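If you're matching them up, the sequences are chains A, B, C and D in order.
Quick note on numbering: the first sequence equals residues 275 to 611 in this note's numbering.
Quick note on numbering: the second sequence equals residues 275 to 611 in this note's numbering.
Quick note on numbering: the third sequence equals residues 275 to 611 in this note's numbering.
Quick note on numbering: the fourth sequence equals residues 275 to 611 in this note's numbering.
Number of protein chains: 4
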Amino acid sequence: MKIGIVGLGYWGPNLVRNFLSADGVDGVVCYDVSERNAARTKKRFPMVELAASYDDLLRRSNVDAVALATPVSTHYSLGLEALRAGKHLLVEKPLTTKTSEAIELINEAERRDLVLMVDHTFIYTGAVRKIREMVDYRLLGDIMYFDSVRVNLGLFQHDINVIWDLAAHDISIMDYLLQQKPFAVSAFGATHFNGVADMAYLTARFENNLLAHFHVNWLSPVKIRRVLIGGTKLMIVYDDMEPSEKVKVYDKGVDISGQDSIYSTLVHYRTGDMFAPRVDLTEALSLVAGEFVDCIKTRRRPVADGQAGLNVVRVLEAAEASLQQGGRVIELAKNPP
Amino acid sequence: MKIGIVGLGYWGPNLVRNFLSADGVDGVVCYDVSERNAARTKKRFPMVELAASYDDLLRRSNVDAVALATPVSTHYSLGLEALRAGKHLLVEKPLTTKTSEAIELINEAERRDLVLMVDHTFIYTGAVRKIREMVDYRLLGDIMYFDSVRVNLGLFQHDINVIWDLAAHDISIMDYLLQQKPFAVSAFGATHFNGVADMAYLTARFENNLLAHFHVNWLSPVKIRRVLIGGTKLMIVYDDMEPSEKVKVYDKGVDISGQDSIYSTLVHYRTGDMFAPRVDLTEALSLVAGEFVDCIKTRRRPVADGQAGLNVVRVLEAAEASLQQGGRVIELAKNPP
Amino acid sequence: MKIGIVGLGYWGPNLVRNFLSADGVDGVVCYDVSERNAARTKKRFPMVELAASYDDLLRRSNVDAVALATPVSTHYSLGLEALRAGKHLLVEKPLTTKTSEAIELINEAERRDLVLMVDHTFIYTGAVRKIREMVDYRLLGDIMYFDSVRVNLGLFQHDINVIWDLAAHDISIMDYLLQQKPFAVSAFGATHFNGVADMAYLTARFENNLLAHFHVNWLSPVKIRRVLIGGTKLMIVYDDMEPSEKVKVYDKGVDISGQDSIYSTLVHYRTGDMFAPRVDLTEALSLVAGEFVDCIKTRRRPVADGQAGLNVVRVLEAAEASLQQGGRVIELAKNPP
Amino acid sequence: MKIGIVGLGYWGPNLVRNFLSADGVDGVVCYDVSERNAARTKKRFPMVELAASYDDLLRRSNVDAVALATPVSTHYSLGLEALRAGKHLLVEKPLTTKTSEAIELINEAERRDLVLMVDHTFIYTGAVRKIREMVDYRLLGDIMYFDSVRVNLGLFQHDINVIWDLAAHDISIMDYLLQQKPFAVSAFGATHFNGVADMAYLTARFENNLLAHFHVNWLSPVKIRRVLIGGTKLMIVYDDMEPSEKVKVYDKGVDISGQDSIYSTLVHYRTGDMFAPRVDLTEALSLVAGEFVDCIKTRRRPVADGQAGLNVVRVLEAAEASLQQGGRVIELAKNPP
């Protein structure tokens, strides 16, 4: 199997490195509109082939699949071309800039029986998979909130704002862990330098009083990557800046034991042990590459499939609309596609 | 000078302790509707006098001033009685539950030439005063955002939600540091146990792209007390959980140096030294007590005067309205009182 | 029961506060050679009686026990007087300045059937008791080392060096947890300001390759209070500066699985979960006071008995000798008293 | 200029990578007795040449210099051969296993006018260079102590104990910063698994009450890389685990202001600001490679020259002797070579 990798800027070379060492991959063919990017990649990985154009790449019959690490705005058209050329498709997050485009890609892939996968890298980390395990076993009780902070200084993007750049990660994590769809989204942001919002706060509301919130910021003096998840039984802190104990599970919570008057209930705090499960520290992107290859071979659906990509785009699109309207609450359809 | 202290639950005894050791205070007279609270205070501080009723306390001509540490809903009526009885007034934060009531208290105090002060304890801490100093010297450049997180497990309040309980602190800090009034406020929250919101996110928008945000939460497994302030010249992290280095000042930021195309500007990151100024660790409440006494003696205005109290209530009131309406953006008057 | 408390400088008032609220204590009688200290204590705790002299205190037949918070050099003579006057005795750590004196106090107490207890406060903390529990259940495997760091800026003592001041704490913790006696001790230190060593490193060697080490320092810019305990099965970090998760237990270690050559064994690292057990945060000194009272009532032996005090003094005495001789290794008797 | 790199285990490939991208280096020739190591290196860096034997490498007249990343026990003989073949020499730390051997290498290099450099990587880090700058400007006042902790789980070495493996780093940092030679060294250690000491404590004593101490440990559950340096004017914490603020400078200390009695001086604590200077985060090994190349070109002496290597070996040798003798204090010559 040969993989075509398109877009060799910041993230593309990571895809190259991981596909080169993925089991079952016989070769990597690269392409970038920038010859400088292509040459730099060839220098660093002398074993890759370079394609002369995107068309050249798509025409190669020994290339089974395409991975796109190009700007978001190109995902839809380049992806559609790849699918139409019969290639399986891995797309950098977020999948597209519009839900309608995401749906088209999903349908096209389905029609042609091709694998469509989104590079939601974080849901392949040991930390997030461990938390999902705990969710699946219902260890957390009812989840009350999902609170995410992803802030640091830079890197500014020119073509997309901080929501599409950073919040895309956290929304994909939320979607994977909560397995529910929000009914309302809002976003506030500010633009200081570059014409695009460089900081933003997103809120997503779910049934059953579940609230999700995201703080993304390119202008923070300190780097914070932290998710708090509050369950009625257990609470979790996932701190990606911790070198090893990334997930801490707290046996903490609130117990209700009757009422102390007709007006108010008796609330007790519960504080027990904390534990930090060992998490697999394998590079997530190597698991992404591995899953893509495996799904192609076995025609199974990847965890980060087109639907997962669509779920994320749907929230991003609503957040963008809210941002443009000064934080107006955007309602989402009850039963979206 | 004698001080009457009313409300001897959680915070009142701290007022008693600090007024007892304040210069210029000759005695403290206490009152609480709960005889158990009163007795416990008398046991711990044998030197205080107990009043038989609030009326009894107000009738005592040797009591010059009253400090209220009672539930928020009582601040207005008890405060008004105290002012009408000719007593100077210190009120636990927040000043009142409505802006209209805050304005009435301010007017009453002015009419009678009495000191009206709010116990915005945090603005008397060494940390916040040090940051204000830097703001006053314009060291931060333009302030781009104020981001505050105040979360922990408990203590649940029965009569007020988490916004009135916790965000009141941070809004008072913001008001003191930014010295501006927001033009729009919104709030999202969730209620899980007690009939009142136990977690909430507030956004306040100001002119010039300045954005303020507050996360308050009674359901967090970890205790976080952290404010990020982003200026164009310097950025600040104020972490109240740090035992000594509470304020860290980062010489970090973004420089714009022309354009790299017609579409986008060239953005450079600047990373310089960090420094943590020594901050005064004197108990803030002792400075609150000292300022109240000094203002009574000299008839000067306290830093945390009625207007400061009103500014905070105004934001809280709007946040409450937004919370009730599912996060609808509440516009505030351009030139409020 | 009445308790006489002697020495009202830094630590004495803490004893007063805790004995005043201890069950079964009817009153506290205080004495200090400094009238200023005595008056300050009386002001803070109006319910205590003041004795006119140490003799006065000892002559009072309704005083059942004496707690000494006086300088170390006075413990022996004052303690002996108290025992001879028939009083049970609690002595601030370290018990005495010489092993011979410690033995005399032990013998005197035994002869008169009086309780002799040392205020090894730390072994009454929830954290240390939790670790002891794990040691008792043999969860750690063989203990390989005990490494302690207790450093900060100040407080300089005039009469004793940093070993007697700070290391006394850690040696008492070690003695309680390891339940073994070292066969050799050495100490290195330096003196910069006050004529007494203000920083020192102690090593204590035990059978079976168990090594203990202590870093104590009055000249550190940061405050560190941390013990590492390495077992063959589990490893522990006890960090007293952590507000809540003071004890962290690591399922980490080394496994030996045969040899990879005639020269060397195959060593594998094991990294599993970490957990932080909830620890009781009750003020340790209140448990010290409680245990002293209970031992008097029931005539049982306190955990921190004279023998525990002697064990600590024995190590301190050897460390002092080593320090005086530039770090010479001091051998200790195999079967000490 | 071509560089021969010998030893392609753990560290050698890092040398290859850095010399490949060093200015002025035209090629890299590699050799390892293990063909597997050689093949793996060739695969990762297709542009290197492989030599058939060490002799082959030394015979190549276009190879100007040799870098040794072989086991310590081979440094002397392989290094001597390289120098005798007229090659400049860079040796992995520590330089040799004996001072006598280090002296021979120094003399041989001098006689032949060849560059001899030791890979004391840490003294080329931005953090250590920044501290040295402050030392050079006498900003710290008199240095009172140097306290180093370098502990983690693994990696066990088979051929050398933890002192030669880990403490070599810290001793090179100490030597670079203090620029003094200790007069006495002692070391305590313990051996649990592998026949070599896996944890150790070293003390080095200097004139003027300056004390240095090193804790090195392969059996710690947590990774600590921290140096405290106490000066009479400023104190420094160098924490290599911090991602960015690696060096913190504390304006803290002790002031002496007369005597409060004939027995003791009045000691005051001084606590001022803390600052964390920006430190250059360039990979230190690239600076090592750059300096080696530059010294060859200009025939100047590297900062980490043979004498620096000898200074470190001298302390290691004494520590080893002390370790073998149960911690006996080893005196060092006043005026060593």
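We put the CB at the ideal spot given by N, CA and C, even for glycine.
On a predicted model such as this, the values are computed, not experimentally measured, just so you know.
Residue environment, residue i, which counts as buried when at least 16 other CB atoms sit within 10 Å
| i | result |
| --- | --- |
| M321 (chain C) | exposed |
| T556 (chain C) | exposed |
| T373 (chain C) | buried |
| A471 (chain D) | buried |
| A341 (chain B) | buried |
| F566 (chain A) | buried |
| G546 (chain B) | exposed |
| T399 (chain A) | buried |
| D300 (chain D) | exposed |
| R588 (chain C) | buried |
| E608 (chain B) | Note that residue 608 (chain B) is Lys in the sequence shown, not Glu. The residue is exposed, with fewer than 16 neighbouring Cβ atoms inside 10 Å. |
| S596 (chain D) | buried |
Residue i versus residue j: straight-line alpha-carbon distance, rounded
| i | j | result |
| --- | --- | --- |
| T395 (chain A) | L414 (chain A) | 24 Å |
| D306 (chain B) | I503 (chain A) | 40 Å |
| Q453 (chain C) | R412 (chain C) | 13 Å |
| G580 (chain D) | I445 (chain A) | 56 Å |
| T370 (chain A) | R358 (chain A) | 17 Å |
| E605 (chain A) | L493 (chain B) | 26 Å |
| R310 (chain B) | Y350 (chain B) | 24 Å |
| G469 (chain C) | V436 (chain C) | 11 Å |
| D529 (chain D) | L584 (chain B) | 47 Å |
| H362 (chain C) | Y328 (chain C) | 15 Å |
| E378 (chain D) | L388 (chain D) | 13 Å |
| T477 (chain B) | D514 (chain A) | 26 Å |
| A401 (chain D) | P517 (chain D) | 12 Å |
| V490 (chain C) | N426 (chain C) | 9 Å |
| E591 (chain B) | V346 (chain B) | 13 Å |
Local conformation of residue i per DSSP, three classes
| i | result |
| --- | --- |
| R500 (chain D) | strand |
| L559 (chain B) | helix |
| K526 (chain A) | strand |
| V290 (chain B) | helix |
| R424 (chain D) | strand |
| Y328 (chain C) | helix |
| Y419 (chain D) | strand |
| R486 (chain B) | Sequence inspection shows Ala at residue 486 (chain B); the Arg mentioned does not correspond to that position. Reduced to three states, the DSSP call for A486 (chain B) is strand. |
| L379 (chain C) | helix |
| D579 (chain D) | strand |
| I437 (chain C) | helix |
| Y398 (chain D) | helix |
| D513 (chain B) | strand |
| V302 (chain B) | strand |
Beta-bridge pairing of residue i - partner residues as DSSP gives them
| i | result |
| --- | --- |
| H542 (chain A) | A:D529 |
| F549 (chain D) | B:F549 and D:V523 |
| T477 (chain C) | C:S460 and C:H487 |
| A339 (chain A) | A:I277 and A:H362 |
| L390 (chain D) | D:L363 |
- Message: To be precise: take each residue of the stretch 319 to 333 of chain C, compare its Cβ to all Cβ atoms of chain E, and keep it if any distance is under 7 Å. Which residues remain?
- Response: Of the chains in the structure shown, none is chain E; the protein chains are A, B, C and D.
- Taking 8 Å as the threshold, find out whether the stretch 501 to 518 of chain A comes into contact with the stretch 464 to 481 of chain A through three or more Cβ pairs. no
- Taking 8 Å as the threshold, find out whether the stretch 328 to 348 of chain D comes into contact with the stretch 308 to 317 of chain D through three or more Cβ pairs. no
- Message: Within 8 Å, do at least three Cβ pairs link the stretch 282 to 299 of chain D to the stretch 471 to 489 of chain D?
- Response: no
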